[in-house]
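Here the sequence shown is numbered in numbering that gives the first Met the number 0, starting from 0 and rising by one per residue.
Heads up: the structure comes next, in structure tokens.
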Amino acid sequence: MSKRAGATAAVVSVSCPDVAQSPAATAVGPTDAETPLTRSALITGITGQDGSYLAEHLLAQGYEVWGLVRGQANPRVRLVRQLLEEVRLVRGDLLDQGSLISAVERVQPDEVYNLAAISYVPMSWQQAELTGEVTGLGVLRVLEAIRVCSGISASRSPAGRQIRFYQASSSEMFGKVRESPQSEQTPFHPRSPYGVAKAYGHHLTQNYRESYGMFAVSGILFNHESPRRGAEFVTRKVSLGVAKIKLGYERQLRLGNLGASRDWGFAGDYVRAMHMMLGQDVPTDYVVGTGVTHSVGELVELAFGVVGLDWQDHVVTDAAFIRPAEVDRLCANPAKAASELGWKPKIGFEELVTMMVEADLELLSVSGGHADDSFGSDAW
Ligand code: NAP
Ligand code: G4F
0 MSKRAGATAA
10 VVSVSCPDVA
20 QSPAATAVGP
30 TDAETPLTRS
40 ALITGITGQD
50 GSYLAEHLLA
60 QGYEVWGLVR
70 GQANPRVRLV
80 RQLLEEVRLV
90 RGDLLDQGSL
100 ISAVERVQPD
110 EVYNLAAISY
120 VPMSWQQAEL
130 TGEVTGLGVL
140 RVLEAIRVCS
150 GISASRSPAG
160 RQIRFYQASS
170 SEMFGKVRES
180 PQSEQTPFHP
190 RSPYGVAKAY
200 GHHLTQNYRE
210 SYGMFAVSGI
220 LFNHESPRRG
230 AEFVTRKVSL
240 GVAKIKLGYE
250 RQLRLGNLGA
260 SRDWGFAGDY
270 VRAMHMMLGQ
280 DVPTDYVVGT
290 GVTHSVGELV
300 ELAFGVVGLD
310 WQDHVVTDAA
320 FIRPAEVDRL
330 CANPAKAASE
340 LGWKPKIGFE
350 ELVTMMVEAD
360 LELLSVSGGH
370 ADDSFGSDAW
């Protein structure tokens, strides 16, 4: 396939600036005489939390960044446009094999980051088949698009420079944990249709690496949050709830299991690890997390404390938010990422929670109480 040939995918035309003038990229991965100065990356899930941080990170490294967007009038495209003017957009859907082949053919990326998924765990029980299709089989479709566009088959291995692939695997795969902390060696026991779909995508990525010699890796990422986190996830639900109560818009915050524990980090730190993984000489999978775990109860206490309130005056537990099967406690062992990638998180739990509460206080103050950054709503 020739570079920049075959513009078969529909490129979203709304103010997509041409970023061919981007500064030369930092050299990562293989270099040879044919490697263009500017590396290009295609990100699926560009309209999500991680997509936005990863795009910013790669643009800062001098990459030409493309984002895959779905739907004919996706409201989040406007948000991406506002935040990331330099990102170019191409249409495609993880449910549609042809659209992915067209997108890879159009973009001719050096790197593909597959971040797209149905990522909200409770929704995976309500729409288990869709979750399997997008979060599970979607990985197969992206890998197949890369394989087909690269001319790789069982009898034809990739030669020289090849497209490098990152899969967004999840600590949710560990589920009912067999050991603690969890490392790359810990067996999986997923507890939700989402976790099962992620385990499929994880094993498939490994299989394409082993079957076809593709540079395909998974990052097993533990929970990572930010002011851009969807409002349906517990950290953002809490930071928004605290801000609303502090500003007098609400009096109560209704939550589920306060006893569950997670290893929470900052999303901006985790996208650096994704990029580092694709810059290694040998493709392999990595666990990424802080190695420190906190309960939802601790999160709540800390968040209310940021604005000088007592959580016990406002938090109500509600059985509607209890899951059919829970992942009780997650804690990462990120030793491999630290030693091989040199990765470590810069932002700790307290700083993260304070950042999120302060960001939501500001957001609600200027918007008159509406959180219309709209990365989601709490729709259980
Ligand atoms: P997110 O904010 O929920 O974003 C999900 C993205 O997937 C959105 O851009 C969404 O686009 C896209 N998407 C959904 N269905 C699609 C489809 N059929 N075709 C194409 N795109 C589709 O998720 P995130 O927090 O950024 O997480 C990124 C990835 O990492 C996900 O795969 C998630 O499962 C995984 N992960 C996240 C964490 C975490 O703590 N954040 C931890 C481990 C793993 P629309 O705007 O079109 O809906
Ligand atoms: O914030 P959560 O919804 O995140 P969860 O289920 O851990 O999943 C996130 O992290 C995974 C990585 O481990 C990702 F793969 C996945 O895509 C997603 O980004 O819930 C965290 C904990 C759970 O134990 C839940 O039961 O918080 C508990 N919780 C208690 N009350 C609540 C609530 N969760 C939500 N969303 N809303 C509540 O009211």
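Just so you know, even glycine gets a beta-carbon here, dropped at the ideal spot from N, CA and C.
Return yes when the Cβ of E110 is within less than 9 Å of the Cβ of Y165, no when it is not. One-based indexing of the sequence shown puts residue 165 at position 166. One-based indexing of the sequence shown puts residue 110 at position 111. Cβ atoms of Y165 and E110: closer than 9 Å.
Based on DSSP bridge pairs, tell me the residues matched to N113. What you label residue 113 is simply residue 114 of the sequence shown in a count that begins at 1. Paired residues: T43, Q166.
Below-9 Å beta-carbon distance, D49 vs any chain C residue: The question asks about chain C, but that chain is absent: this structure has only one protein chain.
Any heavy atom of the ligand G4F within a distance shorter than 8 Å of the CB on A116? On the sequence shown, residue 116 is found 117 positions in, with the first residue counted as 1. It does: the Cβ of A116 is within 8 Å (strictly closer) of some heavy atom of the ligand G4F.
Quick check on this structure: which residue in D317, A318, V299 has the alpha carbon closest to the alpha carbon of D309? Along the sequence shown, read from residue 1 onward, the residue named residue 309 stands at position 310. When each option's Cα is compared against that of D309, the closest is V299.
According to DSSP, simplified to helix, strand and coil, what is F173? On the sequence shown, position 174 is the one that residue 173 refers to. Looking at F173 - three-state DSSP - the assignment turns out to be coil, as it is neither helix nor strand.
For the beta strand (DSSP E) that contains W65, what are its first and last residues? The count along the sequence shown starts at 1 and reaches residue 65 at position 66. It spans 63-68 - the beta strand (DSSP E) in which W65 sits, taken as one unbroken run.
Just mark T425 as buried or exposed, buried being the case when its beta carbon has 16 or more other beta carbons within 10 Å. With the chain represented from 0 up to 379, any question about residue 425 goes unanswered, as that position is not in the structure.
Report yes or no: do the segment 193-203 and the segment 333-342 share at least 3 C-beta pairs separated by less than 8 Å? no
Can L246 and L360 be called in contact, C-beta distance under 9 Å? In the sequence shown, the residue the question calls residue 246 occupies position 247. In the sequence shown, the residue the question calls residue 360 occupies position 361. Yes.
Between which two residues does the alpha helix (DSSP H) carrying V365 extend? Position 366 of the sequence shown, counted from the first residue, corresponds to residue 365. From DSSP, the alpha helix (DSSP H) with V365 extends over 348-366.
The ligand NAP heavy atoms versus the CB of L94: any closer than 8 Å? For the purposes of this step, residue 94 is identified with residue 95 of the sequence shown, where counting begins at 1. Under cutoff, so the answer is yes.
Neighbour-count burial assignment, S364, 16 or more Cβ in a 10 Å radius: Here the question's residue 364 lines up with position 365 in the sequence shown. Classification of S364: exposed, given that the 10 Å Cβ count is below 16.
If distances are taken between C-alpha atoms only, which option among V133, V241, I321 comes closest to G258? Locating residue 258 in the sequence shown gives position 259, counting from the first residue. The candidate whose alpha carbon is nearest that of G258 is I321.
Hey, would you say A59 sits closer than 9 Å to I42, going by beta carbons? Taking the first residue of the sequence shown as position 1, residue 59 is located at position 60. Taking the first residue of the sequence shown as position 1, residue 42 is located at position 43. In this structure, I42 does not lie closer than 9 Å to A59 by Cβ.
In the DSSP assignment, what are the bridge partners of F265? Here residue 265 corresponds to residue number 266 of the sequence shown, with the count starting at 1. DSSP output for F265 lists E224 as bridge partner(s).
Would you check whether the ligand G4F has a heavy atom nearer than 8 Å to the C-beta of G432? Lying before the first or after the last residue shown, residue 432 is absent from the chain, which here runs from 0 to 379.
Quick check: does the Cβ of F303 come within less than 8 Å of any heavy atom belonging to the ligand G4F? Numbered from its first residue, the sequence shown carries residue 303 at position 304. No, the Cβ of F303 stays beyond 8 Å of every heavy atom of the ligand G4F.
Nearest to H274 by CA position, among R38, L57, T37, is which residue? Taking the first residue of the sequence shown as position 1, residue 274 is located at position 275. The residue with the shortest Cα to Cα distance from H274 is L57.
Check this for me: beta carbons of Q181 and D284, under 9 Å apart or not? Numbered from 1 along the sequence shown, position 182 holds the residue referred to as residue 181. Numbered from 1 along the sequence shown, position 285 holds the residue referred to as residue 284. No, the pair does not count as a contact, with Cβ atoms beyond the cut-off.
Determine which residues share a DSSP beta bridge with G218 and list them. Taking the sequence shown and counting its residues from 1, the one referred to as residue 218 is at position 219. G218 is bridged to A167, Y285.
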